[in-house]
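A.B. asks:
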Amino acid sequence: METAQHTITESEIWAVLESVKDPEIPVLSVVDMGIITAVNSQQSAVNSKAYITMTPTFVGCPAIGVMKKDIYEAVKKMGFDEVEVVVDMETSWTSDRMKPEAKLKLEKFGIAPPAVMEEDMTAELLDKVRCPHCGSTDTTLRSSFGSTLCRAIRFCFACKQGFEQFKPI
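Sequential numbering of the sequence shown, starting at 1389, is according to the working numbering.
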């Protein structure tokens, strides 16, 4: 929005989006997750509009509506006349979009972060999952389906704890 003193910058919009949390993993923002793929604004003396593009982790993610609403409200509070949040289903999200800091936050939260997919996914890469409780890689997959589509259930033989893993995609 343009005022006598200030035009809201795209950097300021990104900063506000850092405060919008993923409803399923509240220690991460939508920016941490790499869900926000574009931020634009048009501002004049008459009207101001912000455009936010988000790419969900999964097409069927049940949190899409909540995230869209939270993004809209956070950006609208900045003073924009209009805010449009577009859900991009054409672009594929990958776990490599997550910031490295997000993966550390996930682990501290008790969820094993996804492996970095620098090459093709292999069974060996999928089996070397570090337990977020004790750090051991002596773990096994218990179920490919966790509490959400983006998580799996694993078990650690070292500390005898079950834990969730954010799936590498």
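Quick reminder that beta carbons are idealized off the backbone N, C-alpha and C, glycines included. Quick caveat: nothing in here was measured; it's all calculated off a predicted structure.
Helix or strand or just coil, what does DSSP make of P1450?
C.D. replies: coil
A.B. asks: Does the distance from the C-beta atom of K1464 to that of L1416 stay below 8 Å?
C.D. replies: no
A.B. asks: For V1404, which of helix, strand or coil comes out of DSSP?
C.D. replies: helix
A.B. asks: In terms of residues, what are the limits of the alpha helix (DSSP H) holding P1488?
C.D. replies: 1488-1497
A.B. asks: Do the CB positions of Y1460 and V1474 come within less than 8 Å of each other?
C.D. replies: no
A.B. asks: Return the first residue and the last residue of the beta strand (DSSP E) that A1426 is part of.
C.D. replies: For A1426, the enclosing beta strand (DSSP E) covers residues 1424-1431.
A.B. asks: So T1443 packs on W1481, CB below 8 Å; how close in whole Å?
C.D. replies: Contact flag correct, Cβ pair sits at about 5 Å.
A.B. asks: For E1470, collect the residues of the same chain with a Cβ closer than 8 Å to its Cβ; drop the 5 residues on either side in sequence, then sort them by chain order.
C.D. replies: Here the set comprises N1435, S1436, K1437, A1438.
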